[in-house]
Amino acid sequence: DKGYVLYADRRDGSESGVFESDDIEFLGAAARMLSLLHGERDNRSGSAIVAGDDVGHRSSEFVTRDPGMLDILATVERLRGSDIPILILGESGVGKDVLARAVHGRGGRFVALNSGAIPPNLQESELFGHVKGAFTDADRDRDGLIAAAAGGTLFLDEIGEMSTELQVKLLRFLQSGEYRRVGESVVRTSDARVISASNRDLREETRSGRFRSDLYYRLSTFIIEIPPLRARPQDIPLLMEHLLELYCRMENRSVQGFSAEVRELFLNYDWRENNVRELENDVRRGVALCEDGGVIGIDHLRPELRAHRDAVLRSQGRVGDDFVSLRDEIEALERTRIAEALVRSGHSKRRAAVELGLSRTGLYTKLRKYGMS
1 DKGYVLYADR RDGSESGVFE SDDIEFLGAA ARMLSLLHGE RDNRSGSAIV AGDDVGHRSS
61 EFVTRDPGML DILATVERLR GSDIPILILG ESGVGKDVLA RAVHGRGGRF VALNSGAIPP
121 NLQESELFGH VKGAFTDADR DRDGLIAAAA GGTLFLDEIG EMSTELQVKL LRFLQSGEYR
181 RVGESVVRTS DARVISASNR DLREETRSGR FRSDLYYRLS TFIIEIPPLR ARPQDIPLLM
241 EHLLELYCRM ENRSVQGFSA EVRELFLNYD WRENNVRELE NDVRRGVALC EDGGVIGIDH
301 LRPELRAHRD AVLRSQGRVG DDFVSLRDEI EALERTRIAE ALVRSGHSKR RAAVELGLSR
361 TGLYTKLRKY GMS
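Printed below as a string of structure tokens:
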């Protein structure tokens, strides 16, 4: 009811608190004072701030004033001292890794495995480790991430991408705390707490047989669902200002803000492809292209966003003298579809070409044409 909340904690976890006020400038001053007292970097972002274990890194903060997100952050505070398995669900780019770091708190190491970024044949070795000679290129013994996360947190991101065979072995570890390195018969133990995340609907994955139901229920003792950015539009202006300040500082630039056109566009865009990460990339691009002392305008945005703005204006009869030719519109649509396919395919040009109905040569031709290669 008071409008703004500042969540803050000490790096050693000895103190934490939630401060409410209807005066955002007061909370901004409080955040800066806490930053100085706790050895953390200056932060003027306002609303709610959740610090992960990597204080000072740009991905260690959650900035929000959305009531639903504030409820989630309050839940995170209650879960910090618990070993309960947690499953975080949400679209790509909503901040699942940031929330996992916040749940982890300060105890022990935070170790992450992204199943979607590792080939299936290497996932078991990454997770459990291996002994010398267990497979080609295994030239020495190596501990896995479960061993590295002992006494701390193992974060399994995009767990829906994990191979079925590895799901069985992970379930065994979750049940007993025991595991074996690849190529070894010795049983080892680890007390790593497991937090998992997925951008898939794992309930549907279990019904279709693509994900083990027994593993799902073991991982999902407590489920946190992060709403997409389009469902919390009040966060967009906060994030814009927070990211602008962040990248101006990182790039040593002096950009004054955003044009009215850009603000309108950002507030009405649905950010469906990558949510906060997509917004972050657009603000960073704008800071890099804008002149010092200026404001980020439409011309500083990526072509797909400009094409979206043009389409909205045409649908509203606001085109005026800025009429876009049919060829320009088709090319803008092609750029957008190609960019979306690359994101969905994990930037695999082969899979993107299949999705788009193009040959690999045809896709490469278009990438060169639009300067996207």
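Note that this note's numbering gives residue 63 to position 63 of the sequence shown, counting from 1, and the numbers run on in steps of one.
A virtual CB, placed ideally from N, CA and C, is assigned to each residue, including glycine.
Predicted model, so just to flag it, every value in this text is computed and none were measured.
Where does residue i fall in DSSP's three states?
i, result
"residue 239", "helix"
"residue 71", "helix"
"residue 357", "coil"
"residue 292", "coil"
"residue 269", "coil"
"residue 128", "helix"
"residue 216", "helix"
"residue 367", "helix"
"residue 251", "helix"
"residue 136", "coil"
"residue 301", "coil"
"residue 110", "strand"
"residue 334", "helix"
"residue 210", "coil"
"residue 184", "coil"
Please determine, among the options, the residue with the shortest C-alpha to C-alpha distance to residue i.
i, options, result
"residue 330", "342, 300 and 366", "366"
"residue 268", "353, 348 and 312", "312"
"residue 256", "291, 338 and 304", "291"
"residue 254", "284, 360, 230 and 124", "284"
"residue 195", "187, 238 and 215", "215"
"residue 163", "131, 123 and 275", "123"
"residue 295", "260, 84 and 246", "260"
"residue 271", "247, 251 and 308", "308"
"residue 90", "66, 225 and 281", "225"
"residue 114", "227, 342, 372 and 198", "198"
"residue 188", "143, 250 and 213", "143"
At a Cβ threshold of 8 angstroms, is residue i touching chain B?
i, result
"residue 369", "Judged by its chain identifiers, the structure shown contains no chain B, having just a single protein chain."
Provide the residue span of the alpha helix (DSSP H) that contains residue i, from first to last.
i, result
"residue 278", "275 to 289"
"residue 204", "202 to 207"
"residue 100", "96 to 104"
"residue 146", "145 to 148"
Return the bridge partner residues of residue i from the DSSP annotation.
i, result
"residue 194", "154"
"residue 221", "Paired residues: none, contrary to the question."
"residue 339", "The partner list for residue 339 (beta bridge, DSSP) is empty, contrary to what the question assumes."
"residue 91", "None; residue 91 has no bridge partner."
Problem - Meets three-Cβ-pair contact criterion under 8 angstroms: the stretch 185 to 201 and the stretch 137 to 156 - result: yes
Exercise for the section: Determine, using beta-carbon pairs with one atom in the stretch 232 to 242 and one in the stretch 181 to 189, whether at least three such pairs fall under 8 angstroms. Expected result: no
Exercise for the section: Decide if the stretch 238 to 254 is in contact with the stretch 276 to 283; the criterion is three or more beta carbon pairs, one per stretch, under 8 angstroms apart. Expected result: yes
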